[in-house]
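Listed in order, the protein sequences are those of chains Y and C. For the first sequence, numbering that gives the first Met the number 0 assigns the number 120 to the last residue and increments by one with no breaks. For the second sequence, numbering that gives the first Met the number 0 assigns the number 120 to the last residue and increments by one with no breaks. Read the structure below first, then the notes.
There are 2 protein chains.
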Amino acid sequence: MKVYEKNPPACECEEVHADIVEKRRDEMPDQSTLYDLSDFFKILGDSTRMSILYAIDGGSMCVCDIAALLGMTKSAVSHQLKILRQSDLVTYRKTGKNVFYALADDHVRDIIEKALEHIKE
Amino acid sequence: MKVYEKNPPACECEEVHADIVEKRRDEMPDQSTLYDLSDFFKILGDSTRMSILYAIDGGSMCVCDIAALLGMTKSAVSHQLKILRQSDLVTYRKTGKNVFYALADDHVRDIIEKALEHIKE
DNA sequence: ACTACAGTTGAACAACTGTTCAACTGTAGT
DNA sequence: ACTACAGTTGAACAGTTGTTCAACTGTAGT
Numbered sequence: 000m001k002v003y004e005k006n007p008p009a010c011e012c013e014e015v016h017a018d019i020v021e022k023r024r025d026e027m028p029d030q031s032t033l034y035d036l037s038d039f040f041k042i043l044g045d046s047t048r049m050s051i052l053y054a055i056d057g058g059s060m061c062v063c064d065i066a067a068l069l070g071m072t073k074s075a076v077s078h079q080l081k082i083l084r085q086s087d088l089v090t091y092r093k094t095g096k097n098v099f100y101a102l103a104d105d106h107v108r109d110i111i112e113k114a115l116e117h118i119k120e
Numbered sequence: 000m001k002v003y004e005k006n007p008p009a010c011e012c013e014e015v016h017a018d019i020v021e022k023r024r025d026e027m028p029d030q031s032t033l034y035d036l037s038d039f040f041k042i043l044g045d046s047t048r049m050s051i052l053y054a055i056d057g058g059s060m061c062v063c064d065i066a067a068l069l070g071m072t073k074s075a076v077s078h079q080l081k082i083l084r085q086s087d088l089v090t091y092r093k094t095g096k097n098v099f100y101a102l103a104d105d106h107v108r109d110i111i112e113k114a115l116e117h118i119k120e
């Protein structure tokens with residue numbers, strides 16, 4: 000939402016270390032990269048979605064079973080699965096009346112694993 | 000918020016694969032672990048906080064300069080720094096009128112780096 | 001064709017989150 | 001003691017987010 004510019008308007012500071020600020024500005028990633036990054040983490044920043052990811056970590060599961068496991072309605076789970084789908088974190092496969100969801104790749108597993116290490120300290 | 004139980008109340012499914020669900024239930028992490036994990040990612044899931052982390056990645060900065068760099072008010076930055084402090088993602092050091100913030104450790108850097116790899120695909 | 005059920009979807013609602021604003025604390029300089 | 005300014009803080013507000021509810025789609029079985 001916020002966009003930082005060459006001559007930031009909102010800063011009311013007097014004693015700015017202009018040289019440092021300018022140097023850092025060059026080193027900062029693109030605005031879009033920062034948004035992509037925080038958007039990615041936003042997906043993982045919900046306990047329901049985190050639970051779903053762990054549930055299907057051991058193998059694909061249908062919506063019904065995920066809902067049963069988490070003690071939630073199919074609707075609530077389906078809404079969250081949609082978000083996970085749109086972020087390409089999960090894949091799905093229709094077989095008859097069921098839709099089976101699975102983890103899309105190992106990247107996410109690694110990231111969550113690293114975060115777990117960080118937390119346990 | 001949601002707590003899953005041995006006999007989930009909210010699931011209205013008929014065709015549940017009970018054996019799979021029970022097996023997964025045993026393999027699931029503790030409820031508290033899931034919350035800690037998603038809470039951690041929640042912190043990284045905001046572009047302002049992500050920007051701040053990148054800003055101080057190159058070395059400690061005072062609140063004023065961070066605000067100038069991001070084009071935000073000191074107040075807004077300070078509020079986010081408080082959250083980052085409470086999560087032990089940053090450290091701070093007072094010198095005179097300024098407060099310099101720095102990254103707490105390398106863990107976070109690694110996680111963000113891994114997420115970046117994931118995004119660029 | 002009809003019924004049953006897994007899954008999806010949009011609207012509505014409540015809870016949460018980030019920024020703004022104004023008031024405040026504390027340090028430095030005069 | 002006074003002024004100036006960096007930084008913090010709580011309340012208020014607007015925007016966002018997750019769950020619920022009800023209606024819907026599509027497939028399987030009869």
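Every residue gets a Cβ at the ideal spot worked out from N, C-alpha and C, and that includes glycine. As the structure is a prediction and not an experimental result, all values here were calculated from the model.
Less than 8 Å between the CB atoms is what I'm expecting for residue i and residue j, so what's the real figure, rounded?
i	j	result
Y:Leu52	Y:Leu115	Actually they do not touch by this definition, with Cβ atoms about 12 Å apart.
Y:Asp64	C:His16	5 Å
C:Val89	C:Tyr100	5 Å
C:Met27	Y:Ser37	At roughly 27 Å, the Cβ-Cβ gap does not stay under 8 Å, so C:Met27 and Y:Ser37 are not in contact.
Y:Ile110	C:Ile110	6 Å
C:Lys113	Y:Lys113	6 Å
Under 8 Å Cβ to Cβ from residue i, same chain only, skipping five residues before and after it: list those, please.
i	result
C:Val98	Cys61, Val62, Tyr91, Arg92
Y:His78	none
C:Gly58	Ala101
Y:Ala66	Thr72, Lys73, Ala75, Val76
Y:Phe39	Ser86
If you run the structure through DSSP and keep just helix, strand and coil, what is residue i?
i	result
C:Ala103	coil
Y:Gly57	helix
Y:His117	helix
Y:Asp29	coil
C:Asp35	helix
Y:Asp45	coil
Y:Val20	helix
Y:Ile110	helix
Y:Lys1	The predicted position of Y:Lys1 is uncertain, since its pLDDT is 32 and thus under 50; a value taken from the coordinates is nonetheless stated next. Of the three classes helix, strand and coil, the one that applies to Y:Lys1 here is coil, per DSSP.
Near residue i, what residues of its chain come up, given a Cβ to Cβ distance below 7 Å and the 5 sequence neighbours on each side ignored?
i	result
Y:Ile19	none
Taking 6 Å as the limit between beta carbons, can you name the residues of its chain near residue i, skipping five residues before and five after?
i	result
Y:Ser86	Ile42
Can you find at least 3 beta carbon pairs, one from the stretch 71-82 of chain Y and one from the stretch 40-47 of chain Y, that sit closer than 8 Å?
-> Yes, they touch.
Would you mind listing the beta strand (DSSP E) stretches within the stretch 60-99 of chain C that are 3+ residues and don't spill past its ends, in chain order?
-> Those beta strand (DSSP E) runs which fall completely within the stretch 60-99 of chain C and span 3+ residues are 89-94.
Give a yes or no on contact between the stretch 68-78 of chain Y and the stretch 32-43 of chain Y, applying the rule of three or more CB pairs nearer than 8 Å.
-> Taking 8 Å as the limit for Cβ pairs, the verdict is that the stretch 32-43 of chain Y does not touch the stretch 68-78 of chain Y.
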